[in-house]
Amino acid sequence: MDWKDYEKEIHDYFSKTYPNASITYDAKITGRYSKIERQIDVLIEDDVAGFASRVVVDAKYFSKPIDIKCVESFISMLQDLDANQGLMVTQKGYSKAAINRAYYGTEKLELDVLNFDEFLLHQNLAAIPYSENNSLFISSPFGWVVDNSKQDGFTCCLYQRGLDLKKAQKQNEWMYFNIFKKTKMYHLLVN
1 MDWKDYEKEI HDYFSKTYPN ASITYDAKIT GRYSKIERQI DVLIEDDVAG FASRVVVDAK
61 YFSKPIDIKC VESFISMLQD LDANQGLMVT QKGYSKAAIN RAYYGTEKLE LDVLNFDEFL
121 LHQNLAAIPY SENNSLFISS PFGWVVDNSK QDGFTCCLYQ RGLDLKKAQK QNEWMYFNIF
181 KKTKMYHLLV N
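Anchor point for the sequence shown: position 171 equals 171 in UniProt numbering, and the numbering is continuous, going up by one each time.
As structure tokens, this is what we get:
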């Protein structure tokens, strides 16, 4: 995968996740302050409660974590494009200063880690775990993955994208699911 494939994968992800929104790959908009045409990796536009909403997604296919300068540059671009929200996505993570700048700033900016190679390790955005003849559909919240790899004690689990189960457990930020028939569960509780 190269940077272009990475951008296309992210575009496809948002197109599938938000099928009713207008999602444009490689969009061009003239900045309100710069007065020049700005390139946007993925532009999401939709009406929310009768108001136009613009989300700018910047895909960074870098070989190392994103630093604070990159985040601040993106914040400036969001202001120039009059965006309601920004999402900066990378496959390698962010420096602590970059995370702090996004988290404590007044801008509506989210940072996310999306490494498509992780999906080959039984991580995905949705899953249908099963036990015997019972199953359920689970969709992960934004920024999280469903891990349906074989585990002792539970059918599948959810944790933040960019982590593995052990790291998520260490941070105490994960959930797990089990499927039981009520009669079997009642039997376990009574005995």
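Beta carbons: idealized from backbone N, C-alpha and C, even for Gly.
Source: prediction; values computed, not measured.
Residue i versus residue j - alpha carbon distance
i	j	result
Asn20	Ile138	21 Å
Ile40	Gly93	20 Å
Tyr6	Ala102	22 Å
Met175	Ala168	9 Å
Lys35	Asn148	48 Å
Lys170	Ser73	33 Å
Thr17	Gln85	17 Å
Thr90	Asn172	23 Å
Ser135	Asp58	36 Å
Glu9	Leu158	21 Å
Trp144	Asp26	25 Å
residue 222	Leu109	This structure cannot settle anything about residue 222, because the visible part of the chain is limited to 1 through 191.
Asn133	Ser15	32 Å
Tyr104	Arg161	21 Å
His11	Lys150	30 Å
Met1	Val146	22 Å
Leu163	Gly50	37 Å
Neighbourhood of residue i by C-beta, 8 Å cutoff - its chain only, sequence neighbours within 5 removed
i	result
Leu81	Ile29, Gly31, Arg32, Arg38, Ile40, Arg54 and Val56
Cβ neighbours of residue i in the same chain (closer than 6 Å, five flanking residues each side left out)
i	result
Asn178	Phe154 and Thr155
Leu111	Met88, Tyr94 and Ala102
Ala83	Arg54 and Val56
Ile68	Ala97, Ala98 and Arg101
Phe119	Any reading at Phe119 must be qualified, since the residue scores a pLDDT of 49, below 50, and its modelled position is unreliable; the value itself is stated next. Cβ within range, chain order: n/a, list empty.
Ala52	none
Leu121	Note that Leu121 has pLDDT 49, beneath the 50 cutoff, so the model's placement of it is unreliable and the number below is only indicative. Nothing listed; no residue qualifies.
Closest by C-alpha distance to residue i, when choosing among the options
i	options	result
Thr24	Lys35, Tyr104 and Asp46	Asp46
Ser140	Lys150, Tyr13, Asp152 and Gly105	Tyr13
Leu78	Ile44, Arg161 and Asn172	Ile44
Val48	Ser22, Asp26, Ala27 and Lys60	Ser22
Asp152	Arg161, Leu165 and Trp144	Leu165
Phe62	Arg161, Trp3, Val146 and Gln160	Trp3
Ser76	Phe51, Ala52, Thr106 and Leu163	Thr106
Contacts around residue i, its chain only, beta-carbon distance under 7 Å, and the 5 residues preceding and following it disregarded
i	result
Val71	Met88, Ala98, Arg101 and Ala102
Pro65	Lys92, Gly93, Tyr94 and Ser95
Endpoints, alpha helix (DSSP H) assigned at residue i
i	result
Ser160	Residue identity check: residue 160 is Gln in the sequence provided, not Ser. Unbroken run through Gln160 is the beta strand (DSSP E), Cys156 to Gln160; no alpha helix (DSSP H).
Lys166	Leu165 to Gln171
Residue range of the unbroken beta strand (DSSP E) whose run includes residue i
i	result
Phe177	Trp174 to Phe177
Asp152	Per DSSP, Asp152 belongs to no beta strand (DSSP E) and is neither H nor E.
Closer than 7 Å: residue i CB and nearest the ligand NAD heavy atom
i	result
Glu173	The model depicted lacks the ligand NAD and carries no ligand whatsoever.
Report task. Output the residue ranges of the alpha helix (DSSP H) runs that lie fully inside the UniProt domain "Restriction endonuclease type IV Mrr" (1 to 103) and measure 4 residues or longer, sorted by chain position. Result -> 3 to 17 and 68 to 80
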